[in-house]
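One structure below.
Put into structure tokens, the structure is as follows:
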């Protein structure tokens with residue numbers, strides 16, 4: 046066993062990169078020539094859980110974190126070319142952070158996703174986790190925010206500390222505007238929330254470079270200016286054009302070998318200022334109608350009986 050191999054193995058464990066650590070340990074066992082040492086390593090390796098088991102959320106912040114298991118990858122998403130290039134750049138700087146840091150630079154790891162709802166902000170965070178093979182910690186703000194004085198700041202401190210110590214992952218605050226808005230410092234300001242926002246700003250400044258810090262909002266104009274200054278990349282997810290919607294609908298039904306009937310074609314005329322999510326629900330509703338051989342069409346984003 047070479048000292049350099051042991052050192053690399055320890056670094057992987059310290060970074061909680063258990064996939065690399067497992068691969069490293071298998072390589073060490075394979076190279077070991079001493080029969081007794083090799084046997085001892087093999088027995089120790091058998092006690093390990095899977096990387097997925099070891100990537101579990103720390104117990105003391107589990108109630109603050111959503112369990113997200115949606116299986117989505119970046120190539121599944123409809124993204125503008127400039128948005129996709131920016132996301133690829135984020136991944137590249139994250140994967141090459143050692144090179145950047147050796148030259149006095151930091152990765153792009155503080156990102157804001159903004160824009161109207163239904164255009165892929167949350168899906169991109171999920172896909173980044175899948176494509177980069179790192180865990181996603183999606184913060185449940187309803188659990189973090191407390192009415193007790195000083196409690197919200199303490200819980201934000203717990204989330205950042207535990208995720209920083211975890212070693213590698215995506216810390217995702219969805220709908221950050223419910224928490225860090227301009228109103229926090231305006232008249233009638235709530236001291237509890239103001240103190241918690243200040244705590245968050247401090248934590249962002251010192252976040253582990255192995256953590257990708259991502260926030261999402263539908264109303265970026267309402268965010269606290271001090272928070273906006275912390276991001277080293279801001280991405281705007283806009284509604285698709287009419288042509289993009291039409292192409293998506295045609296592609297959706299073409300993949301399923303379904304001809305566009307009169308009901309589908311007539312509905313396309315109403316697509317103005319709609320989101321990708323609206324287009325997806327539209328397609329699913331019509332495909333469900335066709336599969337059931339029904340005349341009834343119900344869209345999941347509309348009220349029934351509220352005329």
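In our numbering, the protein residues as written are 46 to 352. Virtual Cβ for every residue (Gly too), placed ideally from N, Cα, C. Bear in mind that the values here come from a model prediction, so they are computed numbers and not experimental data.
- Straight through space, the alpha carbons of residue 240 and residue 181 are spaced by roughly 26 Å.
- Distances from the alpha-carbon of residue 286 to those of 124, 330 and 154 put 124 closest.
- Of 339, 343, 348 and 320, the smallest CA-CA separation from residue 122 is found for 320.
- Each residue's CA atom was taken as its position, placing residue 195 and residue 184 some 19 Å apart.
- Per DSSP, the continuous beta strand (DSSP E) segment holding residue 214 begins and ends at 214-218.
- The beta carbon of residue 151 sits closer than 7 Å to those of 145 and 254, all from its chain and outside the five residues before and after it, given in chain order.
- The Cβ-Cβ distance between residue 170 and residue 279 does not fall below 9 Å.
- Shown here, residue 279 sits in a strand according to DSSP, grouped into three states.
- Rounded to the nearest angstrom, the gap between the Cα atoms of residue 249 and residue 154 is 10 Å.
- Residue 218 is not a Cβ neighbour of residue 238, given a cutoff of 9 Å.
- Collapsing the DSSP output to three states places residue 167 in a helix.
- The continuous stretches of alpha helix (DSSP H) do not include residue 223, and DSSP gives it neither H nor E.
- Distance from the CA atom of residue 259 to the CA atom of residue 201, rounded to whole angstroms, is 15 Å.
- In terms of Cβ geometry, residue 173 and residue 119 form a close pair [threshold 9 Å].
- DSSP places residue 257 in the strand class (E or B) of the three-state scheme.
- The beta carbon of residue 157 sits closer than 6 Å to the beta carbons of 260, 276 and 279 from its chain, once the five residues preceding and following it are set aside; these are given in chain order.
- For a cut-off of 8 Å, the C-beta gap from residue 273 to residue 222 is around 11 Å, too long to register as a contact.
- If you look at residue 142, you'll find it isn't in any beta strand (DSSP E); it sits in the alpha helix (DSSP H) that goes 142-147.
- Close CB contacts of residue 264 within its chain, under the 6 Å cut and outside five residues either way in sequence, are with 222 (chain order).
- Setting aside the 5 residues that flank it on each side, residue 205 is surrounded in the same chain by 248, each with a C-beta closer than 6 Å to its C-beta; the list follows chain order.
- In its chain, beyond the 5 residues on either side, 258 have a beta carbon closer than 6 Å to the beta carbon of residue 252.
- Between residue 299 and residue 166, the alpha-carbon positions lie close to 26 Å from each other.
- The alpha-carbon separation between residue 78 and residue 164 amounts to approximately 56 Å.
- Residue 48 counts as exposed, since fewer than 16 other beta carbons sit within 10 angstroms of its beta carbon.
- Bounds of the beta strand (DSSP E) holding residue 157 are 155-159.
- Taking C-beta atoms as the reference points, residue 343 and residue 349 count as a pair closer than 9 Å.
- Taking C-beta separations shorter than 8 Å and ignoring five residues to either side along the sequence, the partners of residue 328 in its chain run 293, 294, 297 and 298, following chain order.
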